[in-house]
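Here's the structure we're looking at; comments come further down.
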Amino acid sequence: MGGTAILTVSDLSKRFGGVRALDGVSFEIREGELAGLIGPNGSGKTTAFNLITGVFKPTAGTITFRGTRVDGNPPDRNAALGMSRTFQNIRLFRDLPVIDNVMVGLHMRHGTGFWPTVLRLPVARRSEAEIRRRALEKLEMLGLAARAEQIVGSLPYGDQRKVEFARALATEPSLLLLDEPTAGMNPQETADLGRTIQRLHRELKITTLLVEHDMKMVMGICERLIVVNQGRMLASGAPAEIKADPSVIEAYLGRRRKDGHAAA
Amino acid sequence: MSAPRNTFLPRFAIAALVGAALVALADANLNPYLLSIIQFIGLNIILAVSLNVTNGFIGLFSLGHPAFMTVGGYVAAILVIPPERKAALLPDLPAFLAAQEWSFLPALIAGGSVAALVALIVGFPVLRLRGHYLAVATLGLIFIVQSFAVNLRGVTRGALGLSGLPELTNLWWVYLFCLVTIYVCWQLKHSSLGRTMLAIRENELAASCLGVKVARMRILSFVLGAFLAGIAGGLWVHLVTLISPSSFSFILAFEIVVMVVLGGTGSITGAVLVAVVLSVLTQLLRPVEEAANLFGASQMIVAFVVLVVLITRPKGLFGTAEPDLVGWLLRPFRKSKAA
Ligand SMILES: Nc1ncnc2c1ncn2[C@@H]1O[C@H](COP(=O)(O)OP(=O)(O)OP(=O)(O)O)[C@@H](O)[C@H]1O
Ligand SMILES: [Mg+2]
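Chains B and E, in that order, are what the protein sequence lines are. Residues 1 to 264 in full-length UniProt numbering are what the first sequence spells out, letter by letter. Residues 1 to 339 in full-length UniProt numbering are what the second sequence spells out, letter by letter.
Here it is in C-alpha cells:
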C-alpha cells in the first residue's frame with residue numbers, strides 16, 4: 001500500500017452556535033487503506049463526515065481530496081470526485097425498491113440526459129440496462145440480490161444498512177465513508193458485516209474510513225485508527241497502539257455513558 | 001411501478017390507437033357542447049399529469065400552473081391572430097409582433113417555450129424555497145403574471161383581454177398533447193433521470209451525496225411542467241376563444257393540485273383517472289346545483305373527498321405506483337382467447 005494521502009484534513013473546525021463539534025482536527029487517509037475513526041458519542045465523527053462530503057461547510061480548516069481543495073464543495077461535486085458515504089441515521093429512498101435505491105447512485109456516471117431519455121434513444125436504453133446490471137452486481141456483493149424488487153422501507157433494519165452500503169458503492173467511489181454501518185445489528189450480523197467490509201475493501205480497492213462503536217470489529221479489521229474526543233484529535237496509529245494509549249482509555253472510560261446525539 | 005418498462009410502448013400504442021378511434025367516433029357524432037366538455041377533460045389530464053412532475057416526482061409543492069397557462073395562452077393567441085385583426089385589436093403592439101401570423105402548432109409550442117423560459121428565470125430564486133414557502137411563492141407568481149397581463153396593455157389589451165380568438169382547438173389537438181404529455185412524463189418517470197427525481201423527493205441529502213444535481217433537477221421538472229402548462233394554456237384559450245388576465249386563477253391551481261394529490265403523488269395513471277372523474281363529476285353536478293340552487297356543492301363534495309382520501313391514504317389513491325389499467329382492460333379478451 002502506497003503512502004500517498006488521498007484525503008488530508010487540516011485544522012478542521014465546525015461550530016454549531018456555541019457547540020464546537022470539531023475543533024482543529026487534522027488527519028490523513030492514505031490511498032488504499034482501511035482506517036477507522038473512533039471516539040465517544042458526540043465527539044464529532046459524523047460532523048467530520050458531513051464536512052468532508054460537503055453536507056456542511058467548515059467553520060475553519062481545509063480538506064484536500066486527491067490533490068484538490070474540496071472544503072466548501074457541494075456534496076454532488078464531491079461525489080463526482082469520488083467520495084461516497086453511508087448515513088448513521090439511515091437515509092434511504094424509502095418508497096422505492098431496493099434496486100432503484102442503488103440505481104440512483106449509478107446515474108451520475110452511467111445515466112443519460114433529458115433528451116435521450118424522453119426520446120428513448122438507444123443510448124438511453126443501453127445506459128438503463130447497464131445501470132441495472134451494475135446495481136444488481138452491487139446487491140449481489142452484499143447478498144441482497146433476492147430483495148432487489150422489495151420496497152426498501154419494508155426491509156429489516158440490518159438489510160437497510162446493507163442497502164445503504166450497496167448504494168454507496170454504486171457511485172464507484174475512490175473513498176468510502178461508512179458511518180456506523182452496524183448500528184442496531186446483533187453481534188453475529190456485526191461480525192458478518194465487518195468481514196464483508198474487509199472483503200470488499202480488498203476486492204474493490206476502495207480506500208475506506210469507518211466510523212464504528214464496536215471496538216472488537218474496528219480493532220479486528222482496521223489497519224489504522226484515528227481517535228477523536230470532544231471535537232479534538234486524541235491519537236492515531238495501529239489498533240494495538242491505540243488500545244494501549246492511556247489518553248484513549250481515559251476518554252472512553254471517562255465518558256462512557258454520556259450521550260450527545262445529532263447526526264445527518 | 002408495476003408495469004415494467006419494456007411493456008410500456010406496445011401498451012401505449014394500443015391505448016393510443018383505441019383512444020384515436022374513440023376520438024374519431026366522438027368527433028363525428030357528438031354535439032359541440034359535449035365535444036368541448038371532453039376537450040376540457042383532456043386539458044385537465046395534461047395539467048394534472050404535468051403538475052405531477054413537480055408536485056409528485058420531485059416533491060415540490062407548486063401552485064404555479066395557472067401562471068404558465070396565462071403566459072402560454074397570451075403568446076399563442078398573439079402569434080395566431082391575423083395581422084389585420086391585430087391592427088384593430090392591439091394597435092400599440094410592437095411591429096415585430098404585429099406582423100406575425102403563425103399557424104396553430106408552432107404558436108402553441110412557442111407559448112409553451114415562453115412559459116418554460118419564465119419558469120427557468122423564476123426557478124432559480126423560487127426553487128430554493130420548500131414546502132409552504134414554495135407554495136406561496138408560486139401562488140404569488142400567478143398574481144405577478146396576472147398583473148403583467150393587466151398592465152402590458154399594448155400587448156395584452158389589459159383587463160379587457162383578447163376576445164374573438166379563432167376557434168382552433170379541437171379534440172384531435174387536445175388528444176395529441178394528452179398523448180405527448182403522458183408519453184414524456186412516463187418515459188421520464190421510468191428512467192434513470194426520473195429515478196433521481198423520485199430520490200430527491202424521498203431524501204434530498206442522500207440524493208446529493210450520490211452525485212444527483214438537486215438544483216438542476218428541480219429546475220428541469222419545473223421547466224418541463226411549465227412548458228406543458230403553457231401548451232395547455234394555448235389550447236384552452238383557443239377553445240374558449242378568449243383570454244384575459246383572470247382566465248387562469250389560483251382556483252384552477254387548487255383544482256389541479258387536488259387531482260395530483262388524489263391520484264397519488266407521482267402516479268401518472270392516478271392523475272389521469274382523477275382528472276377524468278373529477279371533470280365528469282363537476283359537469284354532472286352542475287345542472288343539479290343549478291336546479292337545487294346549491295352553488296358550490298360540488299366544491300364541497302370534492303373538498304370532502306380530498307379530506308377522506310388524505311386521512312385514509314396520505315399518499316393519494318395510488319401513491320407513486322402505476323396500476324396496469326390497460327392490462328386490466330384487456331383481460332377479458334385474453335381469457336376468451338385462451339378458452
Ligand atoms: N446539525 C447539528 N446542529 C447542531 N449541533 C450538532 C449538529 N450536528 C452535530 N452537532 C453536535 O456536534 C457534536 C458532535 O456530534 P457528532 O454527531 O458529530 O458526534 P459523533 O461523534 O458522530 O457521535 P455519535 O457517536 O453519537 O454518532 C455533538 O455535540 C452534537 O450535538
Ligand atoms: Mg455519529
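Ideal Cβ positions, reconstructed from N, Cα and C, are used throughout, including at glycine. Quick caveat, the model's predicted, so the values are computed rather than measured.
Discussion item. Going by DSSP, what residue range makes up the beta strand (DSSP E) through ARG15/B?
Written reply: 5-16
Worksheet entry | Where LYS213/E meets chain B, residues with beta-carbon distance less than 8 Å | ASP76
Worksheet item: Bridge partners of SER84/B, per DSSP?
Response: LEU176/B
Worksheet item: Of all the alpha helix (DSSP H) runs that stay within the bounds of the stretch 14-68 of chain B, which reach a length of 4 or more residues?
Response: 45-53
Discussion item. Just to make sure I have the definition right: I need the residues of chain E whose C-beta is within less than 9 Å of the C-beta of ASP192/B. Which are they?
Written reply: Within 9 Å Cβ-Cβ: nothing; ASP192/B doesn't reach chain E, min ~24 Å.
Worksheet entry | Neighbouring residues, chain B, relative to GLN187/E (Cβ below 9 Å) | THR117, VAL118, LEU119, ARG120, ALA124
Worksheet item: What's the C-alpha gap between residue 347/E and TRP102/E?
Response: One cannot answer for residue 347/E here, as it falls past the ends of chain E, which runs 1 to 339.
Practice prompt. Less than 8 Å between the CB atoms is what I'm expecting for GLY316/E and GLY264/E, so what's the real figure, rounded?
Written response: 3 Å
Fill in: Chain-ordered chain E contacts of residue 265/B [CB-CB under 9 Å]
Because chain B here runs from 1 to 264, residue 265/B falls outside it and cannot be looked at.
Discussion item. If you follow the beta strand (DSSP E) that ASN229/B is in, where does it begin and where does it stop?
Written reply: 224-229
Discussion item. I'd like to confirm the pairing. Which residues does DSSP put opposite GLY237/B in its beta bridges?
Written reply: LEU225/B
Discussion item. Alpha carbons only, please: which of ILE242/B, GLN188/B, LEU209/B is nearest the one belonging to PHE87/B?
Written reply: LEU209/B
Worksheet item: ARG161/B to LEU224/E, Cα distance in whole Å?
Response: 35 Å
Practice prompt. Would you mind telling me which residues of chain B sit closer than 7 Å to LEU198/E, beta carbon to beta carbon, in chain order?
Written response: PHE93, LEU96
Discussion item. Ligand 2 and THR46/B: does the residue's C-beta get closer than 7 Å to at least one heavy atom of that ligand?
Written reply: yes
Fill in: Proximity test, Cβ basis, 8 Å: MET103/B and chain E
yes
Worksheet item: Enumerated in chain order, which unbroken segments of the alpha helix (DSSP H) with a length of 4 residues or greater are wholly contained in the stretch 208-274 of chain E?
Response: 214-240, 250-263
Item to complete: Step through the CB atoms of chain E and report whether any lies within less than 8 Å of the CB of ILE6/B.
Response: no
Item to complete: Report the residue from ASP23/B, ARG133/B, PHE93/B whose alpha carbon sits nearest the alpha carbon of SER208/E.
Response: The shortest Cα separation from SER208/E among ASP23/B, ARG133/B, PHE93/B belongs to PHE93/B.
Practice prompt. Verify the contact flag: ASN41/B, CB atom, against every heavy atom of ligand 1, threshold strictly below 7 Å.
Written response: Result yes, Cβ under 7 Å from ligand 1.
Worksheet item: DSSP on SER163/E, reduced to helix/strand/coil?
Response: strand
Worksheet item: Rounded to the nearest angstrom, how far is the Cβ of ILE198/E from that of PHE57/E, given a contact under 8 Å?
Response: One detail in the question is off: residue 198/E reads as Leu in this sequence, not Ile. Right, the Cβ-Cβ distance comes to about 6 Å (below 8 Å), so this counts as a contact.
Worksheet item: Beta-carbon separation of SER298/E and LEU281/E under 8 Å?
Response: yes
Discussion item. With a threshold of 8 Å between beta-carbons, can PHE27/B be considered close to chain E, or not?
Written reply: no
Worksheet item: Using a C-beta to C-beta distance shorter than 8 Å, which residues of chain B count as neighbours of ASN203/E?
Response: Using a Cβ-Cβ cut-off of 8 Å, ASN203/E is close to ARG91, LEU92, PHE93, ARG94 of chain B, given in chain order.
Discussion item. Under 7 Å: does the beta carbon of VAL19/B sit that close to some heavy atom of ligand 1?
Written reply: yes
Worksheet item: Smallest Cα separation from LEU105/E: which of LEU89/E, MET300/E, TRP173/E?
Response: Selected option, being the one with the closest Cα: TRP173/E.
Practice prompt. Report yes or no: is there a C-beta of chain E within less than 8 Å of the C-beta of ALA79/B?
Written response: yes
Practice prompt. Assign LEU17/E to one of two classes, buried (16 or more other C-beta atoms within 10 Å of its C-beta) or exposed (fewer than that).
Written response: exposed
Practice prompt. Grab the span of the beta strand (DSSP E) containing THR207/B for me, first residue to last.
Written response: 207-211
Practice prompt. Consult DSSP for GLN132/B and reduce its assignment to one of helix, strand or coil.
Written response: Note that residue 132/B is Arg in the sequence shown, not Gln. DSSP places ARG132/B in helix when its eight states are reduced to three.
Discussion item. For a test of the three-state rule: what should DSSP assign to residue 343/E, helix, strand or coil?
Written reply: It is not possible to answer for residue 343/E, since the shown part of chain E is limited to 1 through 339.
Worksheet item: How is the alpha helix (DSSP H) around residue 349/B delimited, first residue to last?
Response: Any answer about residue 349/B is impossible in this case: the structure gives chain B only from 1 up to 264.
Worksheet item: ARG128/E: buried (16+ other C-beta within 10 angstroms of its C-beta) or exposed?
Response: exposed
Discussion item. Using a Cβ-Cβ cutoff of less than 8 Å, which residues in the same chain neighbour ALA80/B once the five nearest sequence positions on both sides are dropped?
Written reply: Only MET108 meet the Cβ criterion.
Fill in: Of the residues GLY59/E, THR181/E, ARG85/E, LEU284/E, the one placed nearest GLY112/E, counting alpha carbons only
THR181/E
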